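For reference, the structure discussed in these notes is given below.
Protein chains in written order, with the numbering used here: chain X, 233 to 330; chain S, 2 to 487; chain C, 124 to 612.
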């Protein structure tokens, strides 16, 4: 694991849809590097032939029957809508302007 | 009578005898909150009007004898637990005005039981923190000393119980967020076995680590609340379907022959001397009651924090992606186009610690780094779990300090992320392994701050965890509750 | 080089919406056409704190599809999060399957110009649908805003990924039609491209004939019909050829098909490499399929189109054209089989009626086989009436249409409308006599040698008899009577 550059921080911020000011990018690069340095200790652990553990419960096959349940009344669905137009959620234009 | 000093089980008796009403109880707590809130800031939202209505309904249930153990007892809920039409903010600007159109499953259970809800408590933003300092609504103070943090992320819930603003509260624990504030405020906090309590409706931080759990002043009261919320939920695919025992019933089981493990890795250099002393005292108390103390090893536990910070941040970077200003929550006014709107909404809505964790998690999952970070962390997680599996063949419970030190002062750690993260060093192992853990008061430090001792048990062994805690509590006695000058 | 000197390499990714009643991870209805945002709940809207629970039927349908496409069904499969931001994606991640899909390594067969073609199926996996964006302008790029409807959000999909085995745009179209036929046969999807329940993205590249290394490929989206798939690929193949001929490189990119202009266009969105950051879905637990579960599904599969086609050739002796047409639709094939189970004298006759009048009336009235009122036994009965000479083929058409519209038995219709064929000799003789009397001119012409006029005179017999005269007899008796006349002249 190597340290993270400002360019990578910008790329990651973009992936995460987070706008960062130049100052924030600097600070973020610094703190992330500190944290990644801390994380380096994982390298010293031998994990050959170890199965990754993504779940903390030994459950499988949890499923439900194909039964229709009542949907939300539209007023409830729109309760927190930042911009509602006639039962739709409105968003600004989807492609970035050139 | 001083209602605020009565335990939940005492209140139950008085309610059942008709010597007191739920309304009186709720009113007493309302008065206390109004007096103490300006100093403490435990709550984000107060729901007094509804609480009194609920109290009246509870009184009706008690009259009709259709009630249960906790009917009529008020409770405070951490503000990441969805409450129907009541603001659920996660102490974030992003959800400042968000009102869920549904109740979390645990809230349904609480409402069904007829427990009036006093309000939603303050927390670290989106449960990310160990001091409640990252809350958008300002920090909560530790009732023992207002210059000190109450811990986090469930700081508000812990403070409310310690300050007698509520007899019971619910919090969530992802890496220690119930146990650490319980230790810092001198009360009991439980992180149940993963899957024991439904997560449906609880705003997630790290899905494979989060659990909802109780805060109470004593072990018995925490057991009563755990019994109520530990129910199978078909709306949560990670919910365990095992039958739940009545956790109150087995409290008095003695500890004769109980094998108590003490892991050497948890008694390290950075551990405060007074904390170590208090914890060893608790261990001795068990020994005196007939328990067998066994030295054990949890060799990978020193990697738990590093493992936790990859797994938790990776999951949270995905869980928090839905906050994009489209369907609910904050939306930026910078709406040139959708991508700009997303970026500025999230920049404005999230605080710096949340952003930091999203960045770290996104990085850990990104192409080229997934194997080195996320996959690696999941493997170390397996090793940590296996350490516990091995240890629990030799012992029935494990005792450790909850935190390396007592509460710290405001501003002391908030600038240095690593320093802040280290306060979770003893608690993250239980979350990674999915096993239950409890923190309870073990004494007071020389500067009058509570010290917590942690009891860890195997999966679904809450009963032995609670009976062990109960024995310690009997032996050590209570440290009392802080006297708040109001 | 002309296009013929290149080998076209095509792979298709097909998404089919599963015909379950409820969504993949919540209980909202999947029915089509409701008012915006009326079929959503906190889960498919992506409200914080909500959790998914897997729909068992969707798993069954995915396994069915896998078995019908000859795939290996993976005992162990799991779900993963595919993370990206888009307004129609309510959680900002799609729950999908990344490295352990439910089915793998299958194949499908079909015929192209009489030759058998086999296309490999790389994998089939389950994933959830996103919502729908309606743009304020005529396309994304000239819209000021978009409106989001999450009714479709969370609907179960299977994604079927083919090997790059397809070698022409026509093959691609036939592949799609074959998939559609199979999926409809096993009842897992209604595959209506016009309703969005079947979608297709294509990958295409060219390499010089004889080469073994694939060229740079481009991805094409937004093809909304089978015809569009073929046309878009034809256009894109030409575009690649032109570029390669002039020595230019193909840019690996995603392009959208514009049906109006008949061209593909580079998609203008910022083309960052899609880093989806797949990781195991923590809110769902793995799926472990027991052998018995899979065997039960295998045993419940109906006869598939390819098998049926072969059987129709062998057992019923139908020509390929007939067999292909009828077996293309399972309901139609089953109807045909129900009829020939009763009427087994002349399979071709049944086929003709089905391909002719039956399908004509269905198309005209816009109804499906399942809604047709004619019971198979009545269909068979009608054919029998024809065999017995009770009705002529022309009258049969009238009867058939009436059966189609009313569902009544043919016998009843014939009686009610008095359509019984006149086969009585004296009756026909009388009509013939009347016609000869009433048409002196044409009769004279016929007797004068104009044989063609017979047709007109037969027509007059039919007219006078209101179509009921047995046409063969009418013809016979008319010729006889005219011959008599001629003799007497």
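Don't be surprised by glycine CBs; every beta carbon is placed ideally from N, CA and C.
Quick caveat, the model's predicted, so the values are computed rather than measured.
Query raised in the report: Does any C-beta atom of chain X lie closer than 8 Å to the C-beta of residue 350 of chain S?
Result: Position 349 of the second chain, counted from the first residue, corresponds to residue 350 of chain S. Cβ-Cβ to chain X under 8 Å: no for residue 350 of chain S.
Query raised in the report: Alpha carbon to alpha carbon, what distance is there between residue 309 of chain S and residue 245 of chain C?
Result: Counted from its first residue, the third chain places residue 245 of chain C at position 122. Counted from its first residue, the second chain places residue 309 of chain S at position 308. Rounded to whole angstroms, residue 245 of chain C to residue 309 of chain S spans 36 Å at the Cα level.
Query raised in the report: What does residue 176 of chain C reach in chain S if we use C-beta pairs closer than 9 Å?
Result: Counting from 1 along the third chain, the entry for residue 176 of chain C is found at position 53. Here the neighbours are 235, 236, 237, 238.
Query raised in the report: Are the C-beta of residue 104 of chain S and some C-beta of chain X separated by less than 8 Å?
Result: Along the second chain, one-based indexing puts residue 104 of chain S at 103. Residue 104 of chain S does not count as touching chain X.
Query raised in the report: Under a three-way DSSP split, which group does residue 212 of chain S fall into?
Result: Within the second chain, the letter at position 211 stands for residue 212 of chain S. Correct three-state label for residue 212 of chain S: strand.
Query - Terminal residues of the alpha helix (DSSP H) in which residue 345 of chain S lies - result: As a first step, residue 345 of chain S is located in the second chain; it is residue number 344 there, counting from the start. Annotation: the continuous alpha helix (DSSP H) that includes residue 345 of chain S extends over 339-350.
Requested in this report: Output the boundary residues of the beta strand (DSSP E) element that contains residue 380 of chain C.
Outcome: Locating residue 380 of chain C in the third chain gives position 257, counting from the first residue. It spans 377-381 - the beta strand (DSSP E) in which residue 380 of chain C sits, taken as one unbroken run.
Requested in this report: Give the straight-line distance between the Cα atoms of residue 306 of chain S and residue 273 of chain X, rounded to the nearest whole angstrom.
Outcome: Within the second chain, residue 306 of chain S is the residue found at index 305, counting from 1. Within the first chain, residue 273 of chain X is the residue found at index 41, counting from 1. The straight-line gap separating the alpha-carbon atoms of residue 306 of chain S and residue 273 of chain X is approximately 10 Å.
Query - Where the region 233-247 of chain X meets chain S: residues whose CB sits under 9 Å from a CB there - result: 233, 236, 240, 241, 243, 244, 245, 246, 247
**Report entry** For residue 460 of chain S, the nearest candidate out of S:179, S:442, S:438, S:479 (CA to CA)
**Finding:** Translated into the one-based positions of the second chain, residue 460 of chain S becomes position 459. Out of S:179, S:442, S:438, S:479, S:438 has the C-alpha closest to the C-alpha of residue 460 of chain S.
Query raised in the report: Short check: CB of residue 115 of chain S to CB of residue 24 of chain S, under 8 Å?
Result: For the purposes of this step, residue 115 of chain S is taken as the residue at position 114 of the second chain. For the purposes of this step, residue 24 of chain S is taken as the residue at position 23 of the second chain. No, the Cβ-Cβ distance between residue 115 of chain S and residue 24 of chain S is not below 8 Å.
Query raised in the report: Just how far apart, CA to CA, sit residue 202 of chain S and residue 179 of chain C?
Result: For the purposes of this step, residue 202 of chain S is identified with residue 201 of the second chain, where counting begins at 1. For the purposes of this step, residue 179 of chain C is identified with residue 56 of the third chain, where counting begins at 1. Approximately 23 Å between the Cα atoms of the pair.
Query raised in the report: What residues match up with residue 195 of chain C in a beta bridge as DSSP calls it?
Result: On the third chain, residue 195 of chain C is found 72 positions in, with the first residue counted as 1. Paired residues: C:227.
Query raised in the report: Would you say residue 137 of chain C and residue 302 of chain C are within 8 Å of each other, going by their C-beta atoms?
Result: For the purposes of this step, residue 137 of chain C is taken as the residue at position 14 of the third chain. For the purposes of this step, residue 302 of chain C is taken as the residue at position 179 of the third chain. In this structure, residue 302 of chain C lies closer than 8 Å to residue 137 of chain C by Cβ.
Query raised in the report: How many angstroms separate the CA atom of residue 298 of chain X from the CA atom of residue 199 of chain C?
Result: One-based indexing of the first chain puts residue 298 of chain X at position 66. One-based indexing of the third chain puts residue 199 of chain C at position 76. CA-CA distance, residue 298 of chain X to residue 199 of chain C, rounds to 22 Å.
Query raised in the report: By Cβ distance, which residues of its chain are closer than 8 Å to residue 597 of chain C, with the 5 residues on each side in sequence left out?
Result: What you label residue 597 of chain C is simply residue 474 of the third chain in a count that begins at 1. Cβ neighbours of residue 597 of chain C beyond the five flanking positions: 551, 554, 555, 581, 584, 585, 588.
Query raised in the report: When the Cα atoms are used, what is the spatial distance from residue 392 of chain C to residue 255 of chain C?
Result: One-based indexing of the third chain puts residue 392 of chain C at position 269. One-based indexing of the third chain puts residue 255 of chain C at position 132. Only weak support exists for where residue 392 of chain C lies, its pLDDT of 49 falling under 50; the value from the coordinates is given anyway. Going from the Cα of residue 392 of chain C to the Cα of residue 255 of chain C covers about 18 Å.
**Report entry** Within-8 Å CB hit, residue 324 of chain X to chain C
**Finding:** As a working mapping, residue 324 of chain X is identified with position 92 in the first chain. With 8 Å as the cut-off, residue 324 of chain X counts as an interface residue toward chain C.
Query raised in the report: If you draw a straight line from the alpha carbon of residue 299 of chain S to that of residue 264 of chain S, how long is it in whole angstroms?
Result: Your numbering for residue 299 of chain S matches position 298 in the second chain. Your numbering for residue 264 of chain S matches position 263 in the second chain. The C-alpha of residue 264 of chain S is placed about 6 Å away from the C-alpha of residue 299 of chain S.
Query - For residue 347 of chain C, the three-state DSSP class (helix, strand or coil) - result: Position 224 of the third chain, counted from the start, is the residue given in the question as residue 347 of chain C. The answer is coil: DSSP assigns residue 347 of chain C none of H, G, I, E or B.
Requested in this report: Can you tell me which of the three DSSP states residue 174 of chain S falls into?
Outcome: Numbered from 1 along the second chain, position 173 holds the residue referred to as residue 174 of chain S. Here residue 174 of chain S sits in strand by DSSP.
Query raised in the report: Skipping 5 residues on each side, what residues in its chain have a beta carbon closer than 7 Å to that of residue 380 of chain S?
Result: As a position in the second chain, residue 380 of chain S is number 379, starting the count at 1. Here residue 380 of chain S has no same chain residue with a Cβ atom under 7 Å from its own Cβ, once five neighbours each way along the sequence are excluded.
Query - Those runs of the alpha helix (DSSP H) which lie wholly inside the region 532-582 of chain C and span at least 4 residues - result: 533-539, 548-561, 563-570
**Report entry** Local conformation of residue 219 of chain C per DSSP, three classes
**Finding:** Along the third chain, read from residue 1 onward, the residue named residue 219 of chain C stands at position 96. Assignment of residue 219 of chain C by DSSP, reduced to helix, strand and coil, places it in the strand class.
Query raised in the report: Using DSSP with H/G/I as helix, E/B as strand and the rest coil, what is residue 249 of chain C?
Result: Along the third chain, read from residue 1 onward, the residue named residue 249 of chain C stands at position 126. Strand.
Query raised in the report: How do the region 368-383 of chain S and the region 243-263 of chain X stand: do at least 3 beta-carbon pairs fall below 8 Å, yes or no?
Result: Three or more Cβ pairs closer than 8 Å define a contact, and the region 368-383 of chain S falls short of that threshold against the region 243-263 of chain X.
Query raised in the report: What are the partner residues of residue 452 of chain S, as DSSP defines its beta bridges?
Result: As a first step, residue 452 of chain S is located in the second chain; it is residue number 451 there, counting from the start. Looking at the DSSP assignment, residue 452 of chain S forms a beta bridge with S:444.
Query raised in the report: residue 220 of chain C: buried (16+ other C-beta within 10 angstroms of its C-beta) or exposed?
Result: Position 97 of the third chain, counted from the start, is the residue given in the question as residue 220 of chain C. Result: buried.
Requested in this report: To the nearest angstrom, report how far apart residue 460 of chain C and residue 518 of chain C are at their CA atoms.
Outcome: As a position in the third chain, residue 460 of chain C is number 337, starting the count at 1. As a position in the third chain, residue 518 of chain C is number 395, starting the count at 1. Roughly 25 Å between the two C-alpha positions.
Query - Cross-chain neighbours of residue 533 of chain C in chain S, by beta carbon under 8 Å - result: To locate residue 533 of chain C, count along the third chain from 1; it is residue 410. Going along chain S, no residue has its Cβ under 8 Å from residue 533 of chain C, so there is no contact; the nearest lies around 55 Å.
Report task. Quick one: which residues of the region 383-415 of chain C get their C-beta closer than 7 Å to a C-beta of chain S? List them in chain order. Result -> 398, 400, 402, 405, 406, 407, 408
Query - Validate contact between the region 135-152 of chain C and the region 168-186 of chain S using beta carbons, cut 8 Å, 3 pairs - result: Cβ pair count under 8 Å is below three, so no.
Query raised in the report: According to DSSP, which residues form a beta bridge with residue 324 of chain C?
Result: Counted from its first residue, the third chain places residue 324 of chain C at position 201. DSSP, once it has assigned bridges, lists C:136 as partnering residue 324 of chain C.
Query raised in the report: Can at least three beta-carbon pairs, one atom from the region 277-291 of chain S and one from the region 410-419 of chain S, be found at a separation below 8 Å?
Result: At 8 Å Cβ cutoff, the stretches do not touch.
Report task. Take every Cβ of the region 272-286 of chain C, pair it with every Cβ of the region 422-440 of chain C, and state whether three or more of those distances are shorter than 8 Å. Result -> no
Query raised in the report: What do you get for residue 2 of chain S, buried or exposed, if any count of 16 or more other CB atoms within 10 angstroms of its CB means buried?
Result: As a position in the second chain, residue 2 of chain S is number 1, starting the count at 1. With fewer than 16 Cβ atoms within 10 Å of its Cβ, residue 2 of chain S is classed as exposed.
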